[in-house]
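Notes follow the structure.
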Amino acid sequence: MQAITVLTERGRLKSGALAAALDTTPGFVAQVVNPLVKAGFVRSEPGPSGGYLLHPEAGRLSVLEVIEAVDGPTDTGQCVVVDRPCGGLTPCVVHQAWSRARGALLHDLANTPAASWQARLPGTDGRKTHEHSDSGHPAIG
-12 MQAITVLTER GRLKSGALAA ALDTTPGFVA QVVNPLVKAG FVRSEPGPSG
38 GYLLHPEAGR LSVLEVIEAV DGPTDTGQCV VVDRPCGGLT PCVVHQAWSR
88 ARGALLHDLA NTPAASWQAR LPGTDGRKTH EHSDSGHPAI G
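Sequential numbering from -12 applies to the sequence shown in the working numbering.
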């Protein structure tokens, strides 16, 4: 989300400049931005005047679209309690509650513009962020 936010605020950026804005490495930026490029949300232009650039339509992206572009589909079809497909004739004890909660969350994420999160993300006021995810990498997805 922070990569999208920085590109929204600053426009075209070289990998190194985007990495500096996110307080991470160009290699990690590539890991996060490449799925966004593949999804068509971000353009990657080579050359001296190139860099990463948000696609003009990306301002309409939902939070869910960004999450799924980076992390893949949110619905794996697997039960959250046991290692098997979800549902079936004998659903697990949390199936109904989980299905309702998950449905509500996905609905909210699908109907929340990614741009609306800009003010709520760490480091989106033009300063570097030092927020990190559980993986130890800056939380830039």
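C-beta: ideal position from N, C-alpha, C; glycine also.
### Query
When the distance is taken between beta carbons, is Arg47 closer than 8 Å to Pro100?
yes
### Query
With distances taken from CA atoms, which of Gly75, Gly59, Val(-7) and Leu0 is nearest Gly34?
Leu0
### Task
Check whether the Cβ atoms of Pro72 and Gln65 lie closer than 8 Å to each other.
yes
### Message
On the criterion of 16 or more Cβ atoms from any shown chain inside 10 Å, does Leu41 qualify as buried, or is it exposed?
### Response
Taking all protein chains in view, the Cβ of Leu41 is crowded by 16 or more other Cβ atoms within 10 Å, so the residue is classified as buried.
### Message
Judging by CA-CA distance, which residue of Ser86, Ala17 and Gly37 is the nearest neighbour of Val57?
### Response
Ala17
### Task
In the DSSP assignment, find the alpha helix (DSSP H) that holds Arg87 and state where it starts and stops.
His82 to Ala97
### Task
Locate the beta strand (DSSP E) running through Arg30, then write down its first and last residues.
Val29 to Glu32
### Query
Considering Gly14, what are the terminal residues of the alpha helix (DSSP H) in which it resides?
Pro13 to Lys25
### Message
Between which residues of its own chain and Ala26 is the CB-CB distance below 7 Å, once the five residues before and five after are set aside?
### Response
Ala56
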